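Reading the sequence shown from the start, the letters are residues 108 to 430 in my numbering.
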Amino acid sequence: MLSEKMLGLGKKRSAIREIFEYGKKRAAEIGADKIFDFSIGNPNVPAPEYLKRVLIALLENSDPASLHSYTSAQGDVGVRKIIANNINERFGTEVAADNIYITSGAAAALTISIKAMTVPGDEFIVFAPYFPEYTVFVEAAGAKVVIIPPDTDDFQIDLKSFEASINKNTKGVIINSPNNPSGVVYSVETISSVCGILSKKEKEFGHSIYLISDEPYRELVYDDIEVPYLMNYYNNTIVSYSYSKSLSIPGERSGYIAVSPKMENADDMYAAICGAGRALGYVCAPSIFQQAIAKCIDQTSDISIYKKNRDILYEELTKLGYK
Numbered sequence: 108m109l110s111e112k113m114l115g116l117g118k119k120r121s122a123i124r125e126i127f128e129y130g131k132k133r134a135a136e137i138g139a140d141k142i143f144d145f146s147i148g149n150p151n152v153p154a155p156e157y158l159k160r161v162l163i164a165l166l167e168n169s170d171p172a173s174l175h176s177y178t179s180a181q182g183d184v185g186v187r188k189i190i191a192n193n194i195n196e197r198f199g200t201e202v203a204a205d206n207i208y209i210t211s212g213a214a215a216a217l218t219i220s221i222k223a224m225t226v227p228g229d230e231f232i233v234f235a236p237y238f239p240e241y242t243v244f245v246e247a248a249g250a251k252v253v254i255i256p257p258d259t260d261d262f263q264i265d266l267k268s269f270e271a272s273i274n275k276n277t278k279g280v281i282i283n284s285p286n287n288p289s290g291v292v293y294s295v296e297t298i299s300s301v302c303g304i305l306s307k308k309e310k311e312f313g314h315s316i317y318l319i320s321d322e323p324y325r326e327l328v329y330d331d332i333e334v335p336y337l338m339n340y341y342n343n344t345i346v347s348y349s350y351s352k353s354l355s356i357p358g359e360r361s362g363y364i365a366v367s368p369k370m371e372n373a374d375d376m377y378a379a380i381c382g383a384g385r386a387l388g389y390v391c392a393p394s395i396f397q398q399a400i401a402k403c404i405d406q407t408s409d410i411s412i413y414k415k416n417r418d419i420l421y422e423e424l425t426k427l428g429y430k
């Protein structure tokens, strides 16, 4: 007998994946140049030329046995130090290497983090619209998803509904800003209110409520909009980050978990994350890309192209009467 839950997930893929596979099928039939695939988040901006040079240099100049070997499960300590220092320089935090767990992308970061903190009966709050796989990740860990509808005037968080949905079973809240799929950036005011509510509810229920900040789109913002860094607003924060969009390398599966050093029992949370990674079979993130990320820590692809695309779409849709 098979797991009914896993069988169902395998037989019925997400709508995103279904459309993606259909797009590949049609591309083979009529030509890739005739297909415009808006299903999955594959960047159409190439990875930086600098990354190409870094990879070539690593392959040509590194000891092959070392370059392609296992690293520590949580990632090479030197790379973790570089990531931690980059976070501190950008956001004024005090993250250390032992707060960083390098992952195979943000999906792995989320599944590991959720697994690390879940016990039977737990609930995780997500804000609609949201990445559909959140439901899969949470339910696979044995928890329940609680969905908060958006304020459709501006797609900020409906704070009253959010507060009313928190109960003694609430273990965590997943925030995705800039948001997939709406594109909204949650304002400083919204984030401050969310964190204030969580702090109040922690005291009311007598246990930690964790904030998971899912940030694969952090760099894709325009017009000088500020994206609040949640560690600076709430101590019990975990950041899930991916280089898929910033470096245009989604297929290389590179990301990390960052545990706030101010978190209550941060060392235990980090240990639980290491344990969850072990239980889920994550041996280590790809070694060569750990080294490449370290050398490209301040690089991005030419994300200004996305702004040009946005501006063109906005102008043409406005002409058609959309608001």
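The beta-carbon is built from N, C-alpha and C at its ideal position, and this holds for glycine as well.
Being a predicted model, the structure only gives us computed values, none of them experimental.
For this session: Give a yes or no on whether the C-beta atoms belonging to residue 342 and residue 367 are separated by under 8 Å.
Result: For the purposes of this step, residue 342 is identified with residue 235 of the sequence shown, where counting begins at 1. For the purposes of this step, residue 367 is identified with residue 260 of the sequence shown, where counting begins at 1. For residue 342 and residue 367, yes; Cβs fall inside 8 Å.
For this session: Counting only the same chain and skipping the five closest in sequence on each side, list residues whose C-beta sits under 6 Å from that of residue 407.
Result: If you number the sequence shown from 1, residue 407 lands on position 300. Taken in chain order, the residues that qualify are 326, 353.
Exercise. Would you report the Cα separation of residue 231 and residue 280, rounded to the nearest angstrom?
Worked result: Residue mapping note: residue 231 aligns to position 124 of the sequence shown, counting from 1. Residue mapping note: residue 280 aligns to position 173 of the sequence shown, counting from 1. In a straight line, the C-alpha of residue 231 is about 5 Å away from that of residue 280.
For this session: Ignoring anything shorter than 4 residues or poking outside the region 128 to 205, list the alpha helix (DSSP H) runs there in chain order.
Result: 156 to 168, 171 to 174, 184 to 198
Exercise. What residues are listed by DSSP as bridge partners for residue 317?
Worked result: Residue numbering aside, residue 317 sits at position 210 when the sequence shown is read from its first letter. Answer by DSSP bridge pairing, in chain order: 279.
Problem set entry | Contact between the region 258 to 278 and the region 225 to 243 (3+ Cβ pairs under 8 Å) | yes
For this session: Return the first residue and the last residue of the beta strand (DSSP E) that residue 363 is part of.
Result: Here residue 363 refers to the residue found at position 256 of the sequence shown. From DSSP, the beta strand (DSSP E) with residue 363 extends over 362 to 366.
Exercise. Expressed to the nearest angstrom, what Euclidean distance is found between the alpha-carbon atoms of residue 191 and residue 257?
Worked result: Your numbering for residue 191 matches position 84 in the sequence shown. Your numbering for residue 257 matches position 150 in the sequence shown. Whole-angstrom Cα-Cα distance: 33 Å.
Exercise. What residues match up with residue 344 in a beta bridge as DSSP calls it?
Worked result: Here residue 344 corresponds to residue number 237 of the sequence shown, with the count starting at 1. DSSP lists 318 as partners of residue 344.
Exercise. For residue 351, does the count of other Cβ atoms within 10 angstroms reach 16, so buried, or fall short, so exposed?
Worked result: Position 244 of the sequence shown holds residue 351. Buried, because 16 or more other Cβ atoms sit within 10 Å of the Cβ of residue 351.
Problem set entry | residue 304: first and last residue of the uninterrupted alpha helix (DSSP H) it sits in | As a working note, residue 304 is residue 197 in the sequence shown. Taken as a continuous stretch (DSSP letters only), the alpha helix (DSSP H) holding residue 304 covers 295 to 312.
Problem set entry | beta strand (DSSP E) segments (min. 3 residues) lying fully within the region 217 to 245 | 230 to 234
Exercise. Assuming residue 206 and residue 373 make a contact with CB atoms under 8 Å, what is their CB distance in whole Å?
Worked result: Counting from one through the sequence shown, the residue named residue 206 turns up at place 99. Counting from one through the sequence shown, the residue named residue 373 turns up at place 266. That pair is a contact at about 7 Å.
Exercise. Taking the alpha-carbon positions, what's the residue 410 to residue 322 distance?
Worked result: As a working note, residue 410 is residue 303 in the sequence shown. As a working note, residue 322 is residue 215 in the sequence shown. Rounded to the nearest angstrom, the two C-alpha atoms are 16 Å apart.
For this session: Count the CB pairs spanning the region 200 to 220 and the region 240 to 258 that are closer than 8 Å, and state whether there are at least three.
Result: yes
For this session: Pull up the DSSP beta-bridge partners for residue 259, would you.
Result: Against the sequence shown, residue 259 aligns to sequence position 152. DSSP lists no partner for residue 259.
Exercise. Would a C-beta distance cut-off of 8 Å place residue 213 and residue 348 closer than the cut-off?
Worked result: Reading the sequence shown from its first residue, position 106 is the one you call residue 213. Reading the sequence shown from its first residue, position 241 is the one you call residue 348. Result yes, Cβ atoms of residue 213 and residue 348 sit closer than 8 Å.
Problem set entry | Proximity to residue 121 [Cα-Cα], best of 135, 238, 346 | Position 14 of the sequence shown holds residue 121. Closest by alpha carbon: 238.
For this session: Examine the Cβ distances between the region 330 to 341 and the region 293 to 309 and report whether three or more of them are shorter than 8 Å.
Result: yes
For this session: Give me the Cα-Cα distance between residue 174 and residue 211, rounded to the nearest whole angstrom.
Result: By 1-based counting over the sequence shown, the position of residue 174 is 67. By 1-based counting over the sequence shown, the position of residue 211 is 104. Whole-angstrom Cα-Cα distance: 17 Å.
For this session: Please state whether DSSP places residue 411 in a helix, a strand or coil.
Result: As a first step, residue 411 must be located in the sequence shown, where it is residue number 304. In the structure shown, residue 411 sits in a helix (DSSP, three-state: H, G or I).
Exercise. Alpha carbon to alpha carbon, how far is residue 288 from residue 152?
Worked result: Here residue 288 corresponds to residue number 181 of the sequence shown, with the count starting at 1. Here residue 152 corresponds to residue number 45 of the sequence shown, with the count starting at 1. Those two C-alpha atoms are separated by around 19 Å.
Problem set entry | Closer than 8 Å to chain C by CB, residue 270 | No chain C appears in the structure shown, which is made up of a single protein chain.
Problem set entry | Assigned exposure category for residue 160 - 16 Cβ within 10 Å defines buried | Stepping through the sequence shown from its first residue, residue 160 is reached at position 53. With fewer than 16 Cβ atoms within 10 Å of its Cβ, residue 160 is classed as exposed.
For this session: Starting from residue 208, trace the beta strand (DSSP E) both ways and give me its first and last residue.
Result: On the sequence shown, position 101 is the one that residue 208 refers to. Segment 207 to 210, the beta strand (DSSP E) holding residue 208.
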